[in-house]
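One structure below.
Numbering (the working numbering), first residue to last: -9 to 383.
Shown next as structure tokens:
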């Protein structure tokens, strides 16, 4: 078995979907493992002739090639949103994707989403740049002891699920909303009081739980696959522990940590970590962005079809890479952060650079255009492979 983690090197939107889907096409018997965040990911895959294009949120990028997806324990699925994504996928590709989930994966609820939206609305110009999908609120609720797992959703009747959601709303959500400044003047206040919201949510997730096959993803179960492909969400510079950019972070581990932990528990090893970056830098949402510049100042860079302007994250922002040291630093730091896991001690490190076709096989640094070959040589000096999408992944 060969195990590979695909990780965003920067702020997300680097091309992780391209990398995972490419691997899914060429390796034998793969399984895609979603392990951090939830439905806020947007990983785009399209065929070479642009005959089709699909944005993956919870379904693994590469499912269109028949690769199944596993929601790991550390993933936070949004079962309400899952139904539409599966329906859109099935309409485009003509089959239903195979989705597994560990029983203990924690579900993102409708109140998590409403709290997230309400909190961002209350912050006004001081918004954190959240995508409004409730990930941090799911984490905070679970830390407070109000847990709802995938297995609980499967085992409870719709009436029992409604009862549990109402209890959590009374015991936790009301006080949480108050602490976030969500008052009667907030556009989401009434929805957090509306019982129809709970009823509709419970009905939808009970229907959608049937899209998942719940499994004990132990070593014996995993043995049916030859390749485990860990599809990360967001990027290293948004990791919950990257305090330099707080509070403009995501509430999950975006690097090797979850993959290494998953494998460590099963006595397996992580063979390679592929860190994906564009030949320039983007960020969708508020927060620091070193070397920020206008898209027009980056010759050849075209419009982004996936990251459209939206209420929560605004317009996609652009930047140049900083220094060569800063380019490699997140990867080196991520490797150092997992040395407590034997599963990651011998992991090969690679950087996959996308969008080189836009920039003439150069990377845009603060100092100017730098050739791919120069970055490749610097990576070799540091023990980090540097690849282009045309290379074998």
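For each residue, glycine too, the CB sits at the ideal point set by N, CA and C.
Computed from a predicted structure; not experimentally measured.
Query: Residue 94 in three-state terms, based on DSSP; Result: coil
Query: Residue -7 (DSSP reduced to helix, strand or coil); Result: strand
Query: Any non-hydrogen atom of the ligand GDP within 7 Å of residue 203 CB; Result: Among the components modelled here there is no ligand, and therefore nothing to report on the ligand GDP.
Query: Contact under 8 Å by Cβ, residue 217 with residue 20; Result: yes
Query: Sequence-distant residues of its chain with Cβ nearer than 7 Å to residue 283 (five each side left out); Result: 308, 309 and 310
Query: Residue 155 burial status per 10 Å Cβ neighbour count (16 or more: buried); Result: buried
Query: First through last residue of the beta strand (DSSP E) which encompasses residue 24; Result: 20 to 24
Query: Separation of residue 5 from residue 38, as counted between CA atoms; Result: 15 Å
Query: Bridge partner(s) assigned by DSSP for residue 268; Result: 344
Query: Residue 57 beta carbon less than 8 Å from that of residue 22; Result: yes
Query: Any alpha helix (DSSP H) of 4 or more consecutive residues that is wholly inside the region 137 to 170; Result: 140 to 145, 148 to 158 and 164 to 169
Query: Cβ pair residue 290, residue 337 closer than 8 Å; Result: no
Query: Cβ contact check for the region 182 to 193 and the region 221 to 239: 3 or more pairs under 8 Å; Result: no
Query: Meets three-Cβ-pair contact criterion under 8 Å: the region 191 to 208 and the region 91 to 108; Result: yes
Query: Among 199, 241 and 378, nearest to residue 143 - alpha-carbon criterion; Result: 199
Query: Rounded straight-line distance, which links the Cα of residue 101 to that of residue 202; Result: 22 Å
Query: Residue 387 - containing beta strand (DSSP E), residue span; Result: Nothing about residue 387 can be reported from this structure: the residues present for the chain run from -9 to 383 only.
Query: Residue 121 burial status per 10 Å Cβ neighbour count (16 or more: buried); Result: buried
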